[in-house]
Structure formats: structure tokens, C-alpha cells
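Input: a single structure, listed below in C-alpha cells.
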Amino acid sequence: MEVMSRKNPLGEKMYKWARDLFPINRSITGPGVRETLNYLRQLNPELNVHSVSSGTQAFDWTVPDEWQIRNGWIEDPLGKRIVDFKLNNLHVVGYSEPIDEYLPLEELQGHLHSIEGQPNAIPYVTSYYNRTWGFCITDIQRRKLAPGIYRVVIDSDLKPGYLNYGELFIKGKSKKEIFISTHICHPSLANNETSGPVVASALAQWASTLNNLRYSYRFVFIPETIGSLVYLSRNLKKLQNNIVAGFNITCVGDERCFSYLPSRAGDTLSDRAASHALKHIDSNFKKYTWLDRGSDERQYCAPGIDLPIASIMRSKFGEYPEYHTSLDDLSVITPGGLEGAFSAIKTAIMAVEQNCRPKYKVLGEPQLGRRGLFPNLSKKGSTSHLRVMLHLLSYADGKRDLLEIADIVGVAISDLSLVSSELEQAGVIDLDWR
4 MEVMSRKNPL GEKMYKWARD LFPINRSITG PGVRETLNYL RQLNPELNVH SVSSGTQAFD
64 WTVPDEWQIR NGWIEDPLGK RIVDFKLNNL HVVGYSEPID EYLPLEELQG HLHSIEGQPN
124 AIPYVTSYYN RTWGFCITDI QRRKLAPGIY RVVIDSDLKP GYLNYGELFI KGKSKKEIFI
184 STHICHPSLA NNETSGPVVA SALAQWASTL NNLRYSYRFV FIPETIGSLV YLSRNLKKLQ
244 NNIVAGFNIT CVGDERCFSY LPSRAGDTLS DRAASHALKH IDSNFKKYTW LDRGSDERQY
304 CAPGIDLPIA SIMRSKFGEY PEYHTSLDDL SVITPGGLEG AFSAIKTAIM AVEQNCRPKY
364 KVLGEPQLGR RGLFPNLSKK GSTSHLRVML HLLSYADGKR DLLEIADIVG VAISDLSLVS
424 SELEQAGVID LDWR
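Each residue of the sequence shown is one higher than the one before, starting from 4 at the first, in my numbering.
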């Protein structure tokens with residue numbers, strides 16, 4: 004039986020899931036994607052797995068052939084295997100064509116990728132739509148290569164198959180939805196992207212246990228870019244009609260910082276909920292702009308799509324040194340980092356759930372004493388709750404929602420939601436949940 008940390012029990016559980024998922028060789032198609040989805044279905048049995056055939060049109064894009072790789076290696080002139088896919092699946096460029104040839108070093112160099120500034124890192128390189136092959140090695144390895152003839156082998160297939168993605172729907176009181184999206188296409192990269200499906204799975208488990216959900220919830224586990232385009236092309240009208248807020252979950256495993264990337268509009272309910280949640284968790288969170296985009300927010304917020312999707316992250320993609328290299332291993336993410344991200348996104352989700360428009364039912368300031376809402380004794384600290392209540396009442400004109408009032412007053416919406424419930428029960432205000 005696994006012993007959970009007292010400090011981060013949920014984080015420890017998520018970290019175990021990350022350890023299980025990390026070794027799987029994932030790409031935008033292929034067995035690794037299906038293996039990942041099968042694992043996630045064990046965590047959330049209601050997850051439905053969809054298959055889309057190669058050649059299917061998705062707006063301006065086409066689902067590519069399926070890539071399957073079994074092995075890949077380089078042998079030096081003495082016959083010693085110096086690069087081996089089975090030791091690190093980043094060694095082979097994603098979507099490499101099959102090859103079994105003997106090449107001189109000068110020709111092989113054109114198919115090698117390394118990072119001069121990170122000599123111990125194996126880079127993550129893909130070529131989904133341009134047929135080629137290649138290997139990724141450390142710069143230290145590359146500098147040690149001696150002239151001679153090398154054998155290169157990539158045992159792979161590129162042929163018609165399927166793109167797979169997972170979808171989980173949790174029904175609430177309303178047809179309106181909160182949308183959660185994450186990626187299942189990066190091989191053996193911990194923060195980007197083993198952490199995303201792990202945190203999204205935990206959020207799905209949490210949401211499925213809640214009673215009286217105001218909104219319905221839709222979770223999608225997709226290959227980045229082509230997966231979101233395929234999903235949108237199949238579901239666009241439904242999503243545009245029903246989604247009130249949503250979050251793209253990526254790079255949510257480390258403990259360095261919290262960060263947020265807005266939707267293209269910048270002022271959606273998702274943006275406001277994300278900013279509010281992070282402000283009350285870590286006031287020093289990093290706020291990026293739409294100009295810093297780079298993940299599936301590009302698709303969800305594209306002109307003509309215009310879904311209200313924001314990204315809540317720990318260290319943003321492209322902004323931490325291990326990004327897209329073998330250095331982004333399980334030492335980069337932590338139970339505390341994963342649990343912190345879970346808490347931040349859950350808080351943003353609850354901000355959407357709790358948001359409403361309070362409106363006065365009386366004229367002038369209400370008599371709170373006769374309703375039992377005024378403290379009997381006035382002493383230091385006894386009026387703080389009352390001040391929040393009076394602040395809420397002063398803005399309860401039916402025009403401002405609870406999130407806006409919470410930001411004006413400087414309190415968490417969860418606290419203001421409790422106060423608004425008290426005032427509603429006392430007959431002082433109405434709460435418009437439309």
C-alpha cells in the first residue's frame with residue numbers, strides 16, 4: 004500500500020500517476036496515445052475514447068498518417084550502440100520515417116539534433132508533416148563522434164490509422180458547460196506534458212463527486228494542435244452555444260511560480276476567474292498576454308472560434324530551462340507543485356460556479372440588526388465580516404456580478420459567496436444565477 008504524504012496526499016497520488024505515464028512514448032497518433040488514454044480511463048471510467056481516421060479534414064488541416072515506432076539506434080564505426088531509443092524515447096525525432104542504412108559522419112550530422120547551450124540535454128524534436136528522419140543526442144555526445152561509417156536504424160511505420168482523443172462529460176443542472184482541455188502527445192516530458200493530464204484527471208475525479216453542480220463539465224484529453232482542431236471541427240456549434248468558461252491545462256507540475264495566459268479577448272469569465280483565483284493564492288503570479296500564446300489557446304480562441312478559454316500554469320511553456328528537453332524529467336515536477344495547480348484551477352472553477360448577480364430587495368440600507376446580521380457587541384475585529392457584508396450590499400445593483408464585487412472589495416469570491424447566501428436567506432437580496 005502506497006504511503007501518502009501528510010502534506011500533499013493528493014499531490015502524492017498525482018505524482019504516482021505521473022511516474023506511470025512518463026515512460027510512455029506519446030505522439031499525436033499511435034499506440035502511446037491509446038496506452039495513455041487507457042490509463043486515464045482507469046482513473047475516470049466514464050472517459051470515452053474517440054478515433055478519427057487519417058486523412059480526415061479538420062478545417063485547414065488533415066489528420067496525418069499514424070506513426071508507430073518500435074526501435075531506433077545509432078552504431079558507431081566499431082559497432083557500438085551509442086544512441087538507443089529504448090533508453091530514452093526522445094532520441095528519435097517524432098514521426099521519423101523508417102531507415103536502415105550506413106552513413107558517413109558528415110552525412111549523418113544533417114540528421115542529428117543537439118543543443119549547444121545545454122550540453123547534457125537531449126532535445127525534443129518532431130516533424131509531423133514533413134517526411135524525414137533524425138536522432139536527438141546531447142551536445143557532449145555529438146562532439147565525441149569520430150569520423151567513419153555509422154549504422155542508423157529506425158524501425159517505424161507511417162501508414163493510415165487513427166488519431167485518438169478522450170472525452171469525459173459530467174452533467175450538471177445546466178446545459179452550459181465549463182470546458183477543461185489538456186494534452187496527451189508529449190513523450191517523457193514531465194512538466195510539458197505529463198503534468199497536464201494528471202491534474203485534469205484529478206479535477207475530473209473531484210468534479211464527479213460534487214452534488215448540485217450548477218454547470219456541466221467537459222474534459223478533453225487530446226493531441227496538441229491537430230487534436231484540438233479535430234475536436235473543434237466536430238463539435239464547434241455545440242461548444243460555442245454551451246461553454247461559459249474553460250481552461251487549457253499545461254505545464255502545471257513544478258513549484259517555481261504560478262502563471263496565467265489570457266484568452267484572445269482577455270476579459271472573459273475564464274480570464275476573470277483565473278486572475279481572481281491566482282491573486283488570492285499567490286499575488287506574485289506571472290501574467291502573460293495573448294502575444295505570448297503557444298498552446299491550444301491558439302485554436303480555442305482563434306477568430307471565428309472565439310471560445311472563452313484561458314490557461315492556468317505553473318512555469319509557462321518555453322519559459323523554464325528544461326522545456327522540450329530530456330531535462331524536463333520527474334525531478335522537475337513535485338507533489339506540491341501538482342497539488343498547488345489542482346487547487347488553483349479548482350478555485351478558478353469554483354469562482355465560475357459561485358458567480359451570480361446580487362440585487363437589493365429593499366430601499367436604503369437594510370436594518371440588519373432585526374435580521375440577526377448585526378453583531379451584538381462592537382469590539383476590535385468584530386466588524387470585519389459586517390464591513391464585507393455592507394460592501395457587498397453597496398454594489399448589489401444587479402449590474403455587477405459577484406466576481407467583480409469581490410475584486411473591488413478585495414476578498415475571495417468564496418467568502419463573498421457565503422455572505423451573499425446569508426443576505427439572500429435574510430430576504431435582503433436576490434441572486435440572479437443566469
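Ideal Cβ positions, reconstructed from N, Cα and C, are used throughout, including at glycine.
According to DSSP, simplified to helix, strand and coil, what is residue i?
i: Met4; result: Residue confidence for Met4 is low, a pLDDT of 31 falling below 50, so the modelled location carries little weight and cannot support an answer.
i: Thr39; result: helix
i: Tyr18; result: helix
i: Leu213; result: coil
i: Pro306; result: coil
i: Asn244; result: helix
i: His114; result: helix
i: Thr328; result: strand
i: Phe261; result: coil
i: Leu434; result: strand
i: Val155; result: strand
i: Arg271; result: First, the amino acid is wrong: residue 271 is Thr here, not Arg. Here Thr271 sits in coil by DSSP.
i: Arg301; result: helix
i: Asp23; result: helix
i: Lys282; result: helix
i: Glu356; result: helix
i: Asn74; result: strand
i: Phe345; result: helix
i: Ser420; result: helix
i: Pro458; result: There is simply no residue 458 to check, as the chain begins at 4 and stops at 437 in what is shown.
i: Glu69; result: strand
i: Tyr291; result: coil
i: Asp404; result: coil
Based on the DSSP output, what are the partners of residue i in its beta bridges?
i: Gly169; result: Val52 and Phe224
i: Gly249; result: Phe182 and Ile312
i: Ala61; result: Trp64
i: Lys176; result: According to DSSP, which records beta bridges pairwise, Lys176 is partnered with nothing at all.
i: Asp87; result: Trp76
i: Val95; result: Phe138
i: Ile102; result: Ile157
i: Pro369; result: None, per the DSSP bridge assignment.
i: Tyr131; result: Answer is none; Tyr131 lacks a bridge partner.
i: Lys162; result: Glu69
i: Pro126; result: Thr328
Leaving out five residues on either side along the sequence, give the residues of the same chain with a beta carbon under 8 Å from the beta carbon of residue i.
i: Gln302; result: Thr228, Ser231, Leu232, Leu235 and Ile308
i: Val355; result: Ile181, Tyr218, Val247, Ala248, Leu272, Ser273 and Ala276
i: Glu100; result: Arg134, Thr135, Trp136, Ile157, Ser159 and Leu161
i: Asp79; result: Ile85, Leu148, Ala149, Gly151 and Tyr153
What does a CB cutoff of less than 6 Å around residue i pick up in its chain, not counting 5 residues either side in sequence?
i: Asp332; result: Ala193
i: Gly97; result: Ser30 and Thr129
i: Ala210; result: Ile173 and Tyr220
i: Arg44; result: Leu50
i: Tyr105; result: Ile152 and Arg154
i: Trp436; result: Cys359
i: Pro150; result: Leu108
i: Phe88; result: Asn74, Gly75, His94 and Val95
i: Asn92; result: Asn28, Pro190 and Ser191
i: Arg390; result: none
i: Trp20; result: Val201
i: Leu330; result: Ala124
Using the beta-carbon count (16 or more within 10 Å), is residue i buried or exposed?
i: Ser442; result: This structure leaves residue 442 out entirely; the chain is present only between 4 and 437.
i: Val431; result: buried
i: Gly413; result: exposed
i: Glu119; result: exposed
i: Val36; result: buried
i: Thr185; result: buried
i: Val365; result: exposed
i: Glu368; result: exposed
i: Leu90; result: exposed
i: Leu380; result: Below a pLDDT of 50, predicted positions are generally treated as unreliable, and Leu380, at 46, falls in that range; no measurement from the model is reported.
i: Glu300; result: buried
For residue i and chain B, any beta-carbon pair shorter than 8 Å?
i: Leu90; result: Looking at the structure shown, chain B is missing, and only one protein chain is on hand.
Among residues of its own chain, excluding the 5 on either side of residue i, which ones have a beta-carbon nearer than 7 Å to its beta-carbon?
i: Gly340; result: Gly256, Asp257, Glu258 and Arg317
i: Leu13; result: Ala205, Glu342 and Phe345
i: Glu407; result: none
I want to check one thing, is the minimum distance from the CB of residue i to the heavy atoms of the ligand GTP below 7 Å?
i: Ser57; result: This structure lacks the ligand GTP, and indeed carries no ligand of any kind.
Kindly confirm or deny that the segment 345–353 and the segment 278–285 touch, where touching means at least three C-beta pairs closer than 8 Å. yes
Should the segment 53–72 be called in touch with the segment 119–127, which here means at least 3 C-beta pairs below 8 Å? no
Does the segment 393–405 come into contact with the segment 250–266, if we say contact requires no fewer than three beta-carbon pairs (one atom in each stretch) closer than 8 Å? no
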